[in-house]
């Protein structure tokens, strides 16, 4: 900063560095730099008041200048006065020894954080600043010893300051094997010695600030595995750079595997938030919507308003603007993969598609616009996963609705009478075997002005007017039979009707009302939910099937017992065909045995 404002070319950025050292016995941690240091007045002004910030004052002054070069090269993070006093959280005494550039005098500022501070004359060989922390003793609750550990200090630097543009150096001591003498025996015991070298701990090169074309795939993979403790390479990398009223760099990764706790309440989503390459938050949840919570990555912006309170940071309008851009970018990238790399997208969808569907359901359809394009379902006709766009593009002639069926497996669903009935009309059915599918599609309600309907519901309308008229005549002709059957089944069904579209099976069960058959099945399977609401069952009969004639004959003969028994058997068979439990298995078995005797 001094070199920029004073046009002093004798200070080179390449020479600037930060040195970390510690003395475990004396419990002293020292952070030194070879910057421009401070005068006595600057010490008093910058460290004398916790709320005062010389760095903030400097930044405000720069905003008033017209020197564009100065603006672009200056990075100020937070408020120095506030950050400095956090040192007393780990130290019971702090000293600051400093010598200003082009000054002969050095000064020491000291305080215990309780009884004010003192500024006295001191000695320092060269200009710069030393911050000397007298680390507190560890307690049962807090481990302060970690700030006097080579391993812990390296980890902290790598985590929070790995991408600071200046080198952060520290003496690293290692136990290395001594070189064997030339005349030593092959089986001679290896001797070790302590070797201390001064190493640069931080990498200083943020990978996210580089264009995607300049970064090798291996570099992204290594960063992903190291930064996020992953064992496998990412499935996809997304890079985003913005310049203008808001400047930021974003690097996102779609993992190749879903975390085990992704769908648990303990899962924490969020992106690592940096400001000018310094880590501010490990996981900023406000940068990611829940539906994309599986995405990992970093966001770096020098324009964020940083405060001592992270809650205040999370309300920042700039953060909200970045989050909206990230959401849009993820959606765009996923659609691009879906259209150009289908196999890759299906793998991503297998891992994370549940998040899309659950978000639509849990938001009561509010997330439909964002996520409905990303959904995939198994097509009964095409025998593969298709999008809702692809379903709509291949609608059968005069088809006005989108049809789906839910169950345990594609094989069982394909054999279900309700699905076969729709397929017989050359109409595709989306087969859904994920528990959340029906809740998602019900919340979605429609797609591109096409109603989404469950094939097991009574409002499926695939009959021609001629078929409807024919079914109406059959219902009128057999009204007394249907009433008798409905009465014999009691509370199990709301009505018995004929179906002009059933084929191959004597009967099927559909539902009317808000609760479908598959939703009833799911609700009843939830432990402790014995009183779960039931669907209103409708027993549909196939008038073209031979068994229908048997029912008509028994009714005409006045054989009420046979009509009652056959009604129960048909109802149970229809339930089993849909994968539902029957009311009384013992009763059903007895009736089947009676029929076989």
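Numbering (the working numbering), first residue to last: 3 to 599. From the three backbone atoms N, C-alpha and C, an ideal C-beta is built for every residue, glycine too.
Going by C-alpha distance, which of the options is nearest residue i?
i	options	result
residue 509	420, 516, 555, 469	420
residue 279	167, 326, 133	167
residue 539	548, 556, 580	580
residue 350	363, 333, 365, 366	333
residue 336	145, 389, 362, 460	389
residue 422	210, 292, 406	406
residue 261	119, 298, 318, 229	298
residue 92	140, 397, 110	140
residue 321	215, 287, 180	287
residue 257	296, 291, 281, 173	296
residue 137	27, 578, 385, 328	27
residue 290	303, 282, 326	326
residue 224	214, 492, 236, 551	236
residue 554	476, 348, 505	476
residue 404	118, 453, 47	453
residue 29	123, 105, 15, 145	145
Answer with buried or exposed for residue i, where buried requires no fewer than 16 other C-beta atoms within 10 angstroms of its C-beta.
i	result
residue 74	With a pLDDT of 44 at residue 74, under the threshold of 50, the modelled position of this residue cannot be trusted, and the question is left open.
residue 355	buried
residue 178	exposed
residue 233	exposed
residue 270	exposed
residue 597	exposed
residue 402	exposed
residue 188	exposed
residue 193	exposed
residue 447	exposed
residue 231	exposed
residue 560	exposed
residue 480	buried
residue 542	buried
residue 199	exposed
residue 594	exposed
residue 183	exposed
residue 565	buried
residue 197	exposed
residue 311	Below a pLDDT of 50, predicted positions are generally treated as unreliable, and residue 311, at 48, falls in that range; no measurement from the model is reported.
residue 502	buried
residue 599	exposed
residue 396	exposed
residue 69	Residue placement at residue 69 is flagged as unreliable, the pLDDT there being 47, under the threshold of 50; the coordinate-derived value follows with that caveat. It is exposed - the Cβ of residue 69 has fewer than 16 other Cβ atoms within 10 Å.
residue 81	With a pLDDT of only 47 at residue 81, under the threshold of 50, the placement of this residue in the model should not be trusted; the figure read from the coordinates follows. It is buried - the Cβ of residue 81 has at least 16 other Cβ atoms within 10 Å.
residue 466	exposed
residue 48	buried
residue 53	Residue placement at residue 53 is flagged as unreliable, the pLDDT there being 43, under the threshold of 50; a coordinate-derived value is accordingly withheld.
Between residue i and the rest of its own chain, which residues show a CB-CB distance below 6 Å, the 5 nearest in sequence each way excluded?
i	result
residue 330	none
residue 427	464
residue 208	165, 279
residue 131	35, 39, 100
Going by the beta-carbon positions, is the gap between residue i and residue j smaller than 7 Å?
i	j	result
residue 24	residue 150	yes
residue 253	residue 305	no
residue 537	residue 569	no
residue 273	residue 239	no
residue 363	residue 438	yes
residue 521	residue 440	yes
residue 324	residue 222	no
residue 488	residue 499	no
residue 191	residue 180	no
residue 44	residue 171	no
residue 41	residue 102	yes
residue 114	residue 95	yes
residue 241	residue 214	yes
residue 204	residue 157	no
Looking only at DSSP bridge pairs, what is residue i linked to?
i	result
residue 276	281, 302
residue 510	542
residue 32	23, 134
residue 108	101, 124
residue 261	Partner(s): none; residue 261 has no beta bridge.
residue 96	113, 135
residue 176	197
residue 407	433
residue 453	403, 448
residue 286	273
Following a CB-centred definition, is residue i positioned closer than 6 Å to any heavy atom of the ligand SAM?
i	result
residue 234	Inclusion of the ligand SAM in the displayed structure is not the case, the ligand content being empty and no account of it being possible.
Excluding five sequence neighbours on each side, which residues of the same chain lie with their C-beta closer than 7 Å to the C-beta of residue i?
i	result
residue 450	394
Check whether the Cβ of residue i lies closer than 7 Å to any Cβ atom in chain B.
i	result
residue 383	Among the chains of the structure shown, chain B does not appear; only one protein chain is present.
What residues in its chain sit with their C-beta under 8 Å from that of residue i, if we drop five residues either side in the sequence?
i	result
residue 482	557
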